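Enquirer: Below are the structure tokens for one structure; questions will follow.
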Amino acid sequence: MIFRDYDIDKRIMFLRKRMAPIKIRGWNWESPPVKPVINIGLGVSELASRYCTTMRDVYLRRVLGKKPKPNSLMIRGAAYHSIISRVYTDAKRLILKMGIVQGCVLLEELNNMAESSSRDVLSSLGLNEEAELIEELKSLYKFFSIQIAAEIDRNLSKHPYIELDSLINSMPVTERVVDGSLLGLGKQLRVDLLLEGGILIDVKTGDRRDFHKLGLVGYALALEADSGIPADIGILAYLRVDGRPQISYDIFELSDELRLEFLSLRDEATSIVSNEEDPGISQNCNEFCPFYGVCHEEEDSDLQLRDIRGE
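This is the structure:
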């Protein structure tokens with residue numbers, strides 16, 4: 009399906025051949041280091057998105073009950089994720105309704121739905137229908153529609169007698185809900201895209217960050233704990249919409265080293281929350297951090313209070 013062209017399949021095959029056996033699995037949730045100290049229900053993204061090096065964002069959210077202030081990057085990211093999920097949902101519904109059809113027929117139907125689906129996504133997120141954002145979502149919707157239609161034709165060519173259920177099941181699972189409570193994580197975790205063979209895909213709309221891999225590792229551990237499905241390979245799909253959508257990929261092993269790093273973050277966050285301990289503002293505060301405004305409002309308030317006191 010989308011993200012599974014010949015080049016990517018070749019890279020995945022090469023990666024599998026040189027991978028070391030993975031020992032730290034989510035299904036070992038009763039044993040250290042996978043076993044959580046307590047279950048707080050932490051989200052994967054709040055652990056893995058390490059814009060804040062001290063994890064004060066976790067303290068603000070979980071202990072003080074503060075809410076992040078969405079920036080333009082976060083808003084666009086949420087809209088992009090939603091439209092990708094929507095186009096796959098629309099495609100599956102159309103196939104169920106029309107039966108097995110050629111890709112060009114499906115593509116025409118999907119293209120007719122691009123604008124209404126884009127507006128529905130913005131409405132569901134409580135966002136204003138800005139013309140620029142609507143055009144970006146329509147562009148994304150049509151881009152993924154082409155990929156879906158092409159893959160349908162490839163499947164029909166390769167398997168001319170394929171059943172309807174098999175055709176639908178060949179499409180990626182979007183927004184797969186995973187229960188991570190056995191690992192001290194949330195009960196309603198959502199994986200962007202899940203492919204056959206335990207391949208997880210996370211779609212990113214910003215710049216590349218080293219910590220992005222940790223999000224997929226967290227979802228892999230949760231998936232293994234919840235369903236027993238081994239997840240060995242992650243794909244970070246970096247999406248840009250500048251006229252025509254463009255995607256670049258980072259394909260990597262969900263290694264033991266990365267798994268230990270994620271579990272260490274989980275344990276550190278658990279300690280901060282259970283002890284209600286403020287780790288303090290980072291010395292390298294990142295403006296992309298969702299809580300940047302919260303922390304710096306506090307700093308401004310403290311300075312004003314000191315001025316009033318004459319300190």
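Each step along the sequence shown adds one to the number in this note's numbering, with nothing skipped, and position 17 is 25.
Where a beta carbon is used, it is the ideal one built from N, C-alpha and C, also for glycine.
Every value quoted in this text rests on a predicted model; they were computed, and no experiment measured them.
For residue 52, I'd like the list of residues in its chain whose CB is within less than 8 Å of its CB, leaving aside the five on either flank, ordered along the chain.
Expert: 188, 193, 194, 197, 223, 226, 227, 230, listed in sequence order.
Enquirer: Our contact map puts residue 287 next to residue 67 with C-beta atoms below 8 Å; I'd like the distance itself, whole angstroms only.
Expert: About 6 Å separates the two Cβ atoms, so the contact holds.
Enquirer: Suppose only complete runs of 4+ residues qualify. What are the alpha helix (DSSP H) ranges in the region 123 to 168, listed by chain order?
Expert: Qualifying alpha helix (DSSP H) stretches, in chain order: 139 to 166.
Enquirer: Let me check you understand the geometry: is the CB of residue 62 closer than 6 Å to at least one non-hydrogen atom of the ligand GDP?
Expert: For the structure depicted, the ligand GDP is absent and the ligand set is empty, with no information on it obtainable.
Enquirer: Terminal residues of the continuous alpha helix (DSSP H) containing residue 100?
Expert: Its alpha helix (DSSP H) spans residues 80 to 106.
Enquirer: Give the DSSP-derived three-state secondary structure of residue 57 in the structure shown.
Expert: Of the three classes helix, strand and coil, the one that applies to residue 57 here is coil, per DSSP.
Enquirer: Give a yes or no on contact between the region 24 to 39 and the region 252 to 264, applying the rule of three or more CB pairs nearer than 8 Å.
Expert: At 8 Å Cβ cutoff, the stretches touch.
Enquirer: Residue 302 to residue 44, Cα distance in whole Å?
Expert: For residue 302 and residue 44, the distance between alpha carbons rounds to 29 Å.
Enquirer: Enumerate, from N- to C-terminal direction, the unbroken beta strand (DSSP E) stretches of 3 or more residues contained entirely within the region 276 to 305.
Expert: The qualifying runs do not exist here; there are none.
Enquirer: Along the chain, where does the alpha helix (DSSP H) that runs through residue 212 open and close?
Expert: It is not in any alpha helix (DSSP H) - residue 212 instead sits in the beta strand (DSSP E) that spans 207 to 212.
Enquirer: Could you spell out where the beta strand (DSSP E) holding residue 188 opens and where it closes?
Expert: Careful: residue 188 lies outside any beta strand (DSSP E) and carries neither H nor E.
Enquirer: If you draw a straight line from the C-alpha of residue 308 to the C-alpha of residue 65, how long is it?
Expert: Unreliable placement is indicated for residue 308, whose pLDDT of 48 sits below 50; the coordinate value is still reported in the next sentence. Rounded to the nearest angstrom, the two C-alpha atoms are 18 Å apart.
Enquirer: Taking residue 206 and residue 238 to be in contact with their CB atoms under 8 Å, please state how far apart those CB atoms are, rounded to whole angstroms.
Expert: About 5 Å separates the two Cβ atoms, so the contact holds.
Enquirer: Could you compute how far the alpha carbon of residue 98 sits from the alpha carbon of residue 273?
Expert: Distance between the alpha carbons of residue 98 and residue 273: 37 Å.
Enquirer: Count the other CB atoms within 10 Å of the CB of residue 304; is the residue buried (16 or more) or exposed (fewer)?
Expert: Answer is exposed; the Cβ neighbour count stays below 16.
Enquirer: Quick check: the Cα distance between residue 251 and residue 144, rounded to an integer number of angstroms?
Expert: Straight-line Cα distance between these residues: approximately 8 Å.
Enquirer: Please report the Cβ distance between residue 221 and residue 266, rounded to the nearest whole angstrom; I am assuming they are in contact, meaning their Cβ atoms lie under 8 Å.
Expert: Yes, residue 221 and residue 266 are in contact; Cβ-Cβ is about 6 Å, under 8 Å.
Enquirer: State the start and end residues of the unbroken beta strand (DSSP E) segment that holds residue 171.
Expert: Run containing residue 171: none; DSSP gives neither H nor E here.
Enquirer: Distance check for residue 153 and residue 131, CA to CA, integer angstroms please.
Expert: About 21 Å.
Enquirer: Should the region 157 to 165 be called in touch with the region 109 to 124, which here means at least 3 C-beta pairs below 8 Å?
Expert: Judged by Cβ distances under 8 Å, the region 157 to 165 makes contact with the region 109 to 124, as three or more pairs qualify.
Enquirer: From the DSSP output, in three-state form, read off residue 116 for me.
Expert: The answer is helix: DSSP assigns residue 116 an H, G or I state.
Enquirer: Quick one: is residue 298 buried, meaning 16 or more other Cβ sit within 10 Å of its Cβ, or exposed?
Expert: The residue is buried, with at least 16 neighbouring Cβ atoms inside 10 Å.
Enquirer: Determine whether the beta carbon atoms of residue 176 and residue 103 lie at a separation below 7 Å.
Expert: In this structure, residue 103 lies closer than 7 Å to residue 176 by Cβ.
Enquirer: Determine, using beta carbons only, whether residue 232 and residue 34 come nearer to each other than 7 Å.
Expert: Closer than 7 Å, so yes.
Enquirer: Are there 16 or more other CB atoms within 10 angstroms of the CB of residue 22, so buried, or fewer, so exposed?
Expert: Looking at its Cβ environment, which holds fewer than 16 other Cβ atoms inside 10 Å, residue 22 is exposed.
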